[in-house]
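In my numbering, the protein residues as written are 122 to 292. Where a beta carbon is used, it is the ideal one built from N, C-alpha and C, also for glycine. Scroll down for the structure; my scribbles are underneath it.
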(Lines of atoms letter the chains of each structure in order from A and count residues from 1; the text may use other names and numbers.)
(Lines give C-alpha, C1' and ligand atoms only; values in the text may rest on other atoms or scores of the structure.)
Protein backbone atom coordinates (compact mmCIF):
# COMPACT_ATOMS: atom_id res chain seq x y z
CA UNK A 1 0.00 0.00 0.00
CA UNK A 2 1.32 3.30 -1.06
CA UNK A 3 0.72 5.96 1.59
CA UNK A 4 2.54 8.78 -0.09
CA UNK A 5 -0.35 10.88 -1.34
CA UNK A 6 0.00 14.40 -2.62
CA UNK A 7 -1.27 16.80 0.04
CA UNK A 8 -4.27 18.93 -1.00
CA UNK A 9 -3.55 22.58 -1.66
CA UNK A 10 -5.08 25.15 0.66
CA UNK A 11 -6.77 27.98 -1.33
CA UNK A 12 -7.37 30.30 1.63
CA UNK A 13 -4.09 32.23 1.36
CA UNK A 14 -4.78 32.94 -2.33
CA UNK A 15 -8.34 34.06 -1.60
CA UNK A 16 -7.17 36.44 1.14
CA UNK A 17 -4.49 37.94 -1.10
CA UNK A 18 -7.00 38.30 -3.95
CA UNK A 19 -9.51 40.03 -1.64
CA UNK A 20 -6.87 42.56 -0.48
CA UNK A 21 -5.83 43.27 -4.08
CA UNK A 22 -9.47 43.90 -5.10
CA UNK A 23 -10.02 46.11 -2.04
CA UNK A 24 -6.87 48.17 -2.68
CA UNK A 25 -7.79 48.57 -6.37
CA UNK A 26 -11.31 49.74 -5.51
CA UNK A 27 -9.93 52.16 -2.92
CA UNK A 28 -7.44 53.58 -5.45
CA UNK A 29 -10.17 53.94 -8.10
CA UNK A 30 -12.51 55.70 -5.66
CA UNK A 31 -9.70 58.04 -4.55
CA UNK A 32 -8.92 58.96 -8.17
CA UNK A 33 -12.62 59.59 -8.84
CA UNK A 34 -13.00 61.76 -5.73
CA UNK A 35 -9.89 63.83 -6.48
CA UNK A 36 -11.17 64.71 -9.95
CA UNK A 37 -14.49 66.14 -8.72
CA UNK A 38 -14.90 69.91 -8.69
CA UNK A 39 -15.61 71.05 -5.13
CA UNK A 40 -15.51 74.83 -5.32
CA UNK A 41 -17.24 76.42 -2.36
CA UNK A 42 -17.51 79.76 -4.14
CA UNK A 43 -20.02 80.34 -6.93
CA UNK A 44 -19.20 82.18 -10.12
CA UNK A 45 -21.41 85.10 -9.06
CA UNK A 46 -20.45 84.98 -5.38
CA UNK A 47 -20.37 88.79 -5.04
CA UNK A 48 -23.90 89.22 -6.40
CA UNK A 49 -25.13 86.41 -4.14
CA UNK A 50 -23.58 88.12 -1.13
CA UNK A 51 -25.16 91.46 -2.04
CA UNK A 52 -28.61 89.81 -2.40
CA UNK A 53 -28.15 88.05 0.94
CA UNK A 54 -27.12 91.31 2.65
CA UNK A 55 -30.18 93.10 1.22
CA UNK A 56 -32.41 90.36 2.63
CA UNK A 57 -30.73 90.70 6.05
CA UNK A 58 -31.27 94.46 5.90
CA UNK A 59 -34.97 93.93 5.10
CA UNK A 60 -35.32 91.54 8.05
CA UNK A 61 -33.51 93.92 10.41
CA UNK A 62 -35.71 96.85 9.38
CA UNK A 63 -38.82 94.74 9.93
CA UNK A 64 -37.56 93.55 13.34
CA UNK A 65 -37.76 97.16 14.53
CA UNK A 66 -41.56 96.91 14.13
CA UNK A 67 -41.93 93.73 16.19
CA UNK A 68 -45.56 93.31 17.18
CA UNK A 69 -46.79 95.85 14.63
CA UNK A 70 -46.50 93.54 11.63
CA UNK A 71 -49.12 90.84 12.16
CA UNK A 72 -50.39 87.97 10.06
CA UNK A 73 -53.43 86.24 11.49
CA UNK A 74 -55.00 83.14 9.98
CA UNK A 75 -58.67 82.56 10.79
CA UNK A 76 -59.39 78.99 9.71
CA UNK A 77 -63.13 79.26 10.43
CA UNK A 78 -63.54 82.23 8.07
CA UNK A 79 -60.97 80.91 5.55
CA UNK A 80 -59.08 84.19 5.58
CA UNK A 81 -55.76 85.74 6.44
CA UNK A 82 -55.47 89.27 7.78
CA UNK A 83 -52.22 91.15 7.30
CA UNK A 84 -51.51 94.27 9.33
CA UNK A 85 -48.60 96.63 8.68
CA UNK A 86 -47.39 99.40 11.02
CA UNK A 87 -49.41 102.62 11.02
CA UNK A 88 -46.33 104.56 9.90
CA UNK A 89 -46.27 102.56 6.66
CA UNK A 90 -49.60 103.77 5.32
CA UNK A 91 -48.67 107.13 3.81
CA UNK A 92 -47.56 106.98 1.07
CA UNK A 93 -49.08 103.57 0.44
CA UNK A 94 -46.49 100.78 0.46
CA UNK A 95 -45.76 98.83 -2.70
CA UNK A 96 -45.17 95.11 -2.44
CA UNK A 97 -46.50 91.60 -2.69
CA UNK A 98 -47.63 88.68 -0.61
CA UNK A 99 -46.18 85.35 -1.67
CA UNK A 100 -47.84 82.11 -0.58
CA UNK A 101 -45.06 79.51 -0.75
CA UNK A 102 -45.90 75.81 -0.61
CA UNK A 103 -42.71 73.91 0.37
CA UNK A 104 -44.05 70.57 -0.88
CA UNK A 105 -45.17 71.77 -4.34
CA UNK A 106 -43.81 74.89 -6.05
CA UNK A 107 -46.61 74.69 -8.63
CA UNK A 108 -49.11 75.77 -5.97
CA UNK A 109 -47.29 79.02 -5.11
CA UNK A 110 -49.39 82.18 -5.39
CA UNK A 111 -48.40 85.88 -5.56
CA UNK A 112 -50.88 88.57 -4.52
CA UNK A 113 -50.24 92.33 -4.74
CA UNK A 114 -50.11 94.24 -1.46
CA UNK A 115 -53.20 96.48 -1.26
CA UNK A 116 -53.91 97.83 2.23
CA UNK A 117 -57.06 99.53 3.48
CA UNK A 118 -57.00 102.83 5.41
CA UNK A 119 -56.28 100.99 8.68
CA UNK A 120 -53.25 99.19 7.24
CA UNK A 121 -54.94 95.80 6.87
CA UNK A 122 -55.35 93.42 3.96
CA UNK A 123 -57.69 90.45 4.10
CA UNK A 124 -57.17 87.47 1.81
CA UNK A 125 -59.37 84.44 1.37
CA UNK A 126 -57.59 81.10 1.73
CA UNK A 127 -60.22 78.87 0.18
CA UNK A 128 -58.06 78.17 -2.92
CA UNK A 129 -55.06 77.11 -0.91
CA UNK A 130 -54.72 73.37 -0.49
CA UNK A 131 -54.60 72.09 3.03
CA UNK A 132 -51.20 71.87 4.62
CA UNK A 133 -48.17 73.98 5.48
CA UNK A 134 -47.65 77.34 3.76
CA UNK A 135 -45.03 80.03 4.19
CA UNK A 136 -46.54 83.47 3.78
CA UNK A 137 -43.85 85.93 2.72
CA UNK A 138 -44.65 89.63 2.66
CA UNK A 139 -42.24 92.02 1.01
CA UNK A 140 -42.93 95.74 0.70
CA UNK A 141 -41.22 99.03 0.03
CA UNK A 142 -42.02 102.16 2.00
CA UNK A 143 -40.27 105.52 1.63
CA UNK A 144 -37.30 103.96 -0.18
CA UNK A 145 -36.72 101.25 2.45
CA UNK A 146 -37.54 97.60 1.84
CA UNK A 147 -39.10 95.29 4.44
CA UNK A 148 -39.70 91.53 4.67
CA UNK A 149 -41.88 89.41 6.93
CA UNK A 150 -42.43 85.65 6.87
CA UNK A 151 -44.76 83.42 8.84
CA UNK A 152 -45.82 79.79 8.66
CA UNK A 153 -49.51 78.91 8.53
CA UNK A 154 -51.38 75.63 8.27
CA UNK A 155 -54.47 75.70 6.06
CA UNK A 156 -57.26 73.17 6.47
CA UNK A 157 -58.75 71.44 3.40
CA UNK A 158 -61.26 73.72 1.66
CA UNK A 159 -62.71 74.66 -1.72
CA UNK A 160 -63.09 77.61 -4.18
CA UNK A 161 -60.48 80.27 -5.05
CA UNK A 162 -57.92 82.60 -3.45
CA UNK A 163 -59.53 86.00 -3.35
CA UNK A 164 -58.66 89.38 -1.97
CA UNK A 165 -61.57 90.22 0.28
CA UNK A 166 -62.85 93.80 0.14
CA UNK A 167 -61.40 96.03 2.81
CA UNK A 168 -63.75 97.10 5.57
CA UNK A 169 -65.65 100.19 4.50
CA UNK A 170 -64.62 99.82 0.84
CA UNK A 171 -67.20 100.36 -1.89
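- In the DSSP assignment, residue 257 forms a beta bridge with 221, 272.
- Assignment of residue 189 by DSSP, reduced to helix, strand and coil, places it in the coil class.
- The segment 195-215 makes contact with the segment 234-247: 3 or more CB pairs, one atom from each, lie closer than 8 Å.
- Residue 215 sits close to residue 235, with the two beta carbons spaced by under 8 Å.
- In this model, residue 258 and residue 174 are separated by some 16 Å (Cα to Cα).
- The alpha-carbon separation between residue 225 and residue 262 amounts to approximately 29 Å.
- Residue state for residue 173 is assigned as helix, using DSSP reduced to three classes.
- Contact between residue 219 and residue 247 does not hold, since the beta-carbon distance rounds to 12 Å and is not under 8 Å.
- For residue 233, the enclosing beta strand (DSSP E) begins and ends at 231-234.
- Between residue 270 and residue 191, the CB-CB gap stays under 8 Å.
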